[in-house]
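Residue numbers (our numbering), protein chains in the order written: chain L, 240 to 471; chain D, -3 to 119; chain U, 21 to 108; chain B, 1449 to 1613. Yeah, the Cβ is synthetic: ideal placement off N, Cα and C, and Gly gets one too. I have placed the structure first, in the form of structure tokens, so that the comments after it can refer back to it.
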Amino acid sequence: MLKNILVALVLSVMAYMFYNAYSSYETRTELTGMSHHFASKGAEEVGAANLVTSIIVTYRGFDTLGEVTILFLTASIISFFLKLKSGDKEKIIRRDTSELLVTASQLLIPIIFMFGIYVFMNGHLTPGGGFQGGAIIATGVALMIMANPNISLNHNVIHWVESISGVSFVIIGVLGIFLAGGFLDNRMFSLGEFGDFFSAGAIPIIYSFVGLKVGAELSNILNKYQKSQKEI
Amino acid sequence: METIKLIGAIMILMGSFSLLIAVIGLLRMPDVYNRVQAGTKASTLGAIVSFIGVGLYTVESWGDGNWLGRVIILIIFILLTNPVSSHVLMRVAYFTKIPLTKLTKTDMLKKDGNTIIKEGENE
Amino acid sequence: MINPEMIIHVAVAIMGLAMFLAMIRFVKGPSVVDRVVAFDSLTVTSLVIISIIAVLSNRMIYFDVAIVYGLLSFIGVIVVAKYLKKGL
Amino acid sequence: MKTKNLIVSFTVLMIAWVLLNWTIDPVNLIIGASISIFLVVVFCSKCELFTDIKITPKAFIYTFIYLFVFIIELIKANIDITRRVLSPKLQINPGIVKVKTKLKSKMARLILADSITLTPGTFTLQVEEDVFYIHCIDTRCGDDVEKATEEIVRKFEKYLEVLYD
């Protein structure tokens, strides 16, 4: 009873907070100074059809580097805590996976990876990009782990992919200082024709590295989960 | 052009009816197994017919946009994944011993003794 | 001539009804599997609705959303199945 | 036939890439091809999905015949389900029956099981070596394995035997 009252209390406080946030919300009718610059000059300065991408990768490229680092930190912390729990002894009944699921997953996994790669290589044209593509790749890894419970992913490969893509991201950023205007400036390569596959300078390359890094980090988390299951 | 568009719209309508049938099947059938059957079959066909309708409806942009490619990918994807996921689900329902309805006439899997459960519990 | 867009709006209304009925099964369902099945048909219906929204607003890019959503629903069903069988 | 598996997997991935991009720009194709080769080497060198597929003109024609039969069955399934669901008194007679299949190839078995799932009143419940357990919404054949096999599996199996060894 007390628990129910507490839950109701928390919910009503949250409802009040949301109501406050909602009632003070006004739709903006015009752009603020900064966004006005992005909206009007972004397309010609960066050459990417997707404005959000151009902001994430170039104007705010440094933030993206930080976000990827935060994700890396999260993955490390999760794996740290998962290792601790191996003391629990609990019986787990394992049944072999349906043959159909195994076959279907073998067919689907390459196509899922292909789709993930497509998403992060086309980040400058379509919605999506590094983070989304990386998440799709991690979905493929999740399917792989679930279809074959006895699989063991090569730990080293994941770490190498992660490290190399992270380092390459920084190297391209530094190259931008020498070849173009500044850190992570995408104009080191020609901007190309607007809306083309090869356009927006270095954005597709930077985004591919971001995608690989995110995919590797999330796969690492999944791999750790599976390992911790096995130890029980 | 107009006619193809109209045909596409009618196919979307047919697909939506099929999806409705799937859900009515979900509501009326007596046990999990029959629900999964009705749900999977009707919703798979409904989705496929609707996607074909969407493909036909966008006839004007077949040349430049990549509507058609994505529609084909979605159709193949649904056709491949929907039966597999329902199969996995129904298998789980059987192995977690959700009872079959009283109308059931025969259960060969039980008669043969299902080997999978025995193997699993040895571990 | 009948307006094709009208027909599509009627179809979307029917799908909305289907989603509502699926919600009933989702709430009522005696076992977890019932709920997952209802959820699966909800997902398929919303896939179709996403694609129709993409067509009506003439934005090809929403189709990617539909593909990813379908993928996630497939993985989701398998995750629940694995959970019920106890063991990842 | 290791190489056949790799080539067919590569073709499937390339088709997926072209469908996603919807362009036959040579540079784009080269990128797609390199990604496909990478994925084939990583994932498809171990699996044996397409080792048993046959690439002959006869198989090509049979693919279309199979698709035609499958679509007819799919539509029949839905008419069947509609009739059952909408009739005021539920006309169901469910049961789990056993059928046997001669197919050995993994891919052919997947296609067979998917087809059974999507055809009138039948649903693959469990797959063991050569036995499929099938949940029927209307069991007519009862415990008779031969009769059930004839009724449920044969109509697909005779085409799949031609497509896969």
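Whose C-beta lies closer than 6 Å to the C-beta of tryptophan 1465 (chain B) among residues of the same chain, with five residues either side of it excluded?
These residues qualify, in order along the chain: Gly1480.
Quick one: does glycine 367 (chain L) have its CB under 8 Å from some CB of chain U?
yes
Could you check if methionine 383 (chain L) is buried or exposed, using at least 16 other CB atoms within 10 Å of its CB as the buried criterion?
buried
Of the listed residues B:Lys1550, B:Lys1554, B:Ala1525, B:Ile1519, nearest to valine 1579 (chain B) (C-alpha basis)
B:Lys1550
Measuring straight from C-alpha to C-alpha, what distance separates glutamate 1521 (chain B) and methionine 80 (chain U)?
32 Å
Give me the chain D residues within the contact set of valine 1475 (chain B), using Cβ-Cβ distance strictly less than 9 Å, ordered along the chain.
Result: empty, since nearest Cβ-Cβ is about 17 Å, beyond 9 Å.
Distance between beta carbons of leucine 1538 (chain B) and arginine 24 (chain D), contact taken as under 8 Å:
6 Å
Would you say glutamate 115 (chain D) lies against chain U (beta-carbon separation less than 8 Å)?
Unreliable placement is indicated for glutamate 115 (chain D), whose pLDDT of 43 sits below 50; no coordinate value is reported for it.
Inter-residue spacing [alpha-carbon to alpha-carbon] between glycine 405 (chain L) and glycine 379 (chain L)
If you take the alpha carbons of glycine 405 (chain L) and glycine 379 (chain L), they lie about 21 Å apart.
Would you check if there are 3 or more beta carbon pairs closer than 8 Å linking the stretch 453 to 468 of chain L to the stretch 299 to 311 of chain L?
yes
By the 9 Å beta-carbon criterion, what residues does the stretch 83 to 94 of chain D contribute toward chain L?
His83, Val84, Arg87, Phe91
Note down the Cα distance separating tyrosine 1612 (chain B) from isoleucine 1501 (chain B), rounded to an integer number of angstroms.
Across the structure, tyrosine 1612 (chain B) and isoleucine 1501 (chain B) are spaced so that their CA atoms are roughly 5 Å apart.
Taking C-alpha atoms, which residue in L:Ser407, L:Ile376, L:Ile390, L:Gly362 lies nearest to isoleucine 195 (chain L)?
Shown here, chain L extends from 240 to 471; a query on residue 195 (chain L) therefore has no answer.
Residue burial classification, asparagine 1526 (chain B) (beta-carbon count within 10 angstroms, cutoff 16):
buried
8 Å Cβ cutoff, leucine 312 (chain L) in contact with chain U:
no
For glutamate 1576 (chain B), does the three-state DSSP call read helix, strand or coil?
strand
Please confirm whether threonine 54 (chain D) has its beta-carbon closer than 8 Å to some beta-carbon of chain U.
So, interface residue.
Mapping the DSSP letters down to three states, classify tyrosine 446 (chain L) as helix, strand or coil.
helix
With DSSP as the reference, identify every bridge partner of glycine 1543 (chain B), one or two as the case may be.
B:Cys1584
For phenylalanine 1604 (chain B), which of B:Thr1587, B:Tyr1581, B:Ile1585, B:Ala1556 has the nearest alpha-carbon?
B:Ala1556
In this structure, what does DSSP give as the bridge partners for threonine 1570 (chain B)?
B:Cys1584
Would you mind stating whether valine 32 (chain D) and methionine 86 (chain D) have Cβ atoms separated by less than 8 Å?
yes
Can you tell which of B:Thr1471, B:Val1575, B:Leu1573 has its C-alpha closest to the C-alpha of arginine 66 (chain D)?
Per the Cα distances, B:Thr1471.
Could you tell me whether the Cβ atoms of glycine 42 (chain D) and glycine 21 (chain D) are closer together than 8 Å?
no
Option in D:Ser46, D:Ala38, D:Ile68 with minimal Cα separation from lysine 1 (chain D)
D:Ser46
Who are the neighbours of serine 337 (chain L) on chain D, taking C-beta pairs under 8 Å?
Within 8 Å Cβ-Cβ: His83, Val84, Arg87.
Measuring only the C-alpha atoms, how far is serine 325 (chain L) from serine 467 (chain L)?
The pLDDT assigned to serine 325 (chain L) is 49, lower than 50, so where the model puts this residue is not dependable; a value taken from the coordinates is nonetheless given after this. About 6 Å.
Could you name the residues of the stretch 86 to 98 of chain U whose beta carbon sits closer than 7 Å to any beta carbon of chain D, in the order they occur along the chain?
Ala86, Ile87, Gly90, Phe94, Val97, Ile98
Exposed or buried, which one is isoleucine 390 (chain L) when buried takes at least 16 other CB atoms within 10 Å?
Isoleucine 390 (chain L) comes out exposed.
Element boundaries [alpha helix (DSSP H), containing lysine 102 (chain U)]:
82 to 104
What three-state label does DSSP hand lysine 110 (chain U) in the structure shown?
Here chain U covers residues 21 to 108 and nothing more, so residue 110 (chain U) does not appear.
Can you check which of these residues, U:Tyr89, U:Ser66, U:Ala74, is closest to methionine 39 (chain U) by C-alpha distance?
It is U:Ser66 whose Cα lies nearest to the Cα of methionine 39 (chain U).
Taking the CB atoms as reference points, tell me whether alanine 1596 (chain B) and valine 1575 (chain B) lie closer together than 8 Å.
It is not a contact, given that the beta carbons lie outside the stated cut-off.
Determine the direct distance from the alpha carbon of leucine 364 (chain L) to that of valine 400 (chain L), and round the result to whole angstroms.
25 Å
Assuming contact is defined by CB atoms lying nearer than 8 Å, are leucine 347 (chain L) and leucine 1497 (chain B) in contact in what I supplied?
no
Have a look at serine 51 (chain U) and phenylalanine 73 (chain D) and give me their C-alpha separation to the nearest angstrom.
28 Å
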